[in-house]
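These notes concern the structure reproduced below.
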């Protein structure tokens, strides 16, 4: 098993709450992590029809089998259990008794908010971060990383990414989409998914997206929520501090795995990346996803934004820590250019930021005074530098 950075956070939550909820996209490693952190707990999958029928028909009797707690996998499949778990948590108050996992935010969060509010610690597990991969298993080139992505099965099975992503998308659409929303035309939803992938790293224009897909604005808005609930995308909100400029108010759309975004957008080879227009967007997508994973794996407040004004000034990523805002630029080129720092310098002057960073696809870091440059393979170092201000002192 590849060690996960979220393991420490999961163990902490089990020491604070009677119930721990581990959620994330399918195939992100939730079951493997929960069983590794809690090896002595019985494991039960509510995906199994007979077990789910027992839990639904007699929840009290089902939970009574596990007086010392258990791991309940895909718990959103049996929503009635949450009320009974509430009673157990209130009666015992013993910490870390039950671990519930789920791959849908809607179902799991509904059960938590209705029955388990204040009794459950929540952890979001996304696919591997780059720093979690052992050195010998890390992609050697950034192009390989952007095409393969970081879903765990692609690193423990001998399966081509194109084959795995095709099966993953088909399974996701057939199972999760049908369960979360009554989508009559699954083909239209799949077109929508591909259109979103082609727009990763761009401002989200729901009206234009809806028109391109032949659906209504409200349908597009609803389907974006489905992609968020499935942990396929994240919407980065604009930073609204006014520096005397008119600011863009739309969110930016990012997939949480560059490999999935590349496959959906039709990018199949390094040559496609070199000749097409997706390289910069996919590189920025990967950087943002790494920062999201860094914060969630460590239970940090996820205060990340972008900034753009009507004059075309833009910062790809802002990390807010306390009273400090740290700007980052993402560049997919391999040679550092002087004009890459112009936007950073302008923003740092307006925002009075004492530091900013630049992440690029080259090999070597550069230790600049206010704007250090991080090579792509040192992405975790860049995230740590942003989220832990003391690391820059």
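Numbering (my numbering), first residue to last: 432 to 824.
In this text, a Cβ means the ideal position worked out from N, Cα and C, and glycines have one as well.
It should be emphasised that the depicted structure is a prediction, and the values quoted were computed from it without experimental measurement.
What separation, rounded to the nearest whole angstrom, lies between the Cα atoms of residue i and residue j?
i	j	result
residue 824	residue 620	Any reading at residue 824 needs caution, since the residue's pLDDT is 42, under 50, leaving its predicted position unreliable; the model's value is listed next. The straight-line gap from Cα to Cα measures roughly 48 Å.
residue 530	residue 724	21 Å
residue 435	residue 716	21 Å
residue 706	residue 748	25 Å
residue 831	residue 776	The structure shown has nothing for residue 831, since the chain only spans 432 to 824.
residue 801	residue 755	14 Å
residue 587	residue 510	32 Å
residue 482	residue 718	41 Å
residue 791	residue 696	22 Å
residue 689	residue 760	18 Å
residue 484	residue 493	10 Å
residue 813	residue 461	26 Å
residue 528	residue 804	45 Å
residue 486	residue 523	21 Å
residue 693	residue 603	17 Å
residue 467	residue 653	36 Å
residue 534	residue 642	30 Å
residue 782	residue 806	25 Å
residue 679	residue 774	16 Å
residue 672	residue 780	13 Å
residue 661	residue 683	17 Å
residue 526	residue 437	18 Å
residue 744	residue 503	48 Å
residue 598	residue 691	11 Å
residue 609	residue 771	45 Å
residue 817	residue 645	41 Å
residue 581	residue 622	23 Å
residue 708	residue 600	23 Å
residue 763	residue 714	6 Å
residue 449	residue 470	17 Å
Excluding the 5 residues flanking residue i on each side, which residues of the same chain have their C-beta closer than 6 Å to its C-beta?
i	result
residue 681	634 and 635
residue 778	746 and 758
residue 670	736, 738 and 749
residue 751	734
residue 519	none
residue 639	none
Tell me, please, which residues DSSP counts as bridged to residue i.
i	result
residue 825	Look at the range of the chain in this structure, 432 to 824, and you will see that residue 825 is not part of it.
residue 683	634 and 667
residue 736	668 and 749
residue 797	804
residue 756	751
residue 532	453
residue 502	474 and 530
residue 678	740
residue 775	Answer is none; residue 775 lacks a bridge partner.
residue 762	791
Leaving out five residues on either side along the sequence, give the residues of the same chain with a beta carbon under 8 Å from the beta carbon of residue i.
i	result
residue 811	560, 561, 562, 721 and 725
residue 505	476, 477, 478, 532, 533 and 534
residue 605	617
residue 637	648, 651, 652 and 655
With distances taken Cα to Cα, identify the nearest neighbour of residue i among the options.
i	options	result
residue 808	646, 566 and 689	566
residue 491	513, 618 and 750	513
residue 665	734, 606 and 704	734
residue 444	662, 714, 465 and 486	465
residue 495	473, 481 and 508	473
residue 558	669, 638, 584 and 758	584
residue 452	605, 556, 488 and 467	556
residue 703	508, 668, 498 and 577	577
residue 508	527, 660 and 532	532
residue 630	711, 601, 486 and 598	711
residue 685	782, 627, 672 and 469	627
residue 698	743, 574 and 618	574
residue 463	433, 488, 448 and 449	433
residue 701	572, 793 and 521	572
Go through its chain and collect everything with a Cβ distance to residue i's Cβ below 7 Å, but skip five positions before and after it.
i	result
residue 439	none
residue 442	468
residue 446	526 and 527
residue 497	473
residue 515	490, 491 and 494
How about residue i: is its Cβ closer than 7 Å to a heavy atom in the ligand MN?
i	result
residue 494	The ligand MN is not part of the structure shown, which contains no ligands of any sort.
#### Entry: Contact between the stretch 723-736 and the stretch 550-567 (3+ Cβ pairs under 8 Å)
yes
### Query
Is there contact here, the stretch 472-481 with the stretch 452-461, by at least three beta-carbon pairs under 8 Å?
no
### Query
Counting pairs of Cβ atoms below 8 Å between the stretch 783-797 and the stretch 757-769, do you hit three or more?
yes
### Query
Given 8 Å as the limit, is there contact between the stretch 586-596 and the stretch 782-795, that is, 3 or more CB pairs closer than that?
The answer is no - the stretch 782-795 does not touch the stretch 586-596, with fewer than three Cβ pairs under 8 Å.
### Task
Please confirm if the stretch 647-659 is in contact with the stretch 578-592, defined as three or more CB-CB distances below 8 Å between the two stretches.
no
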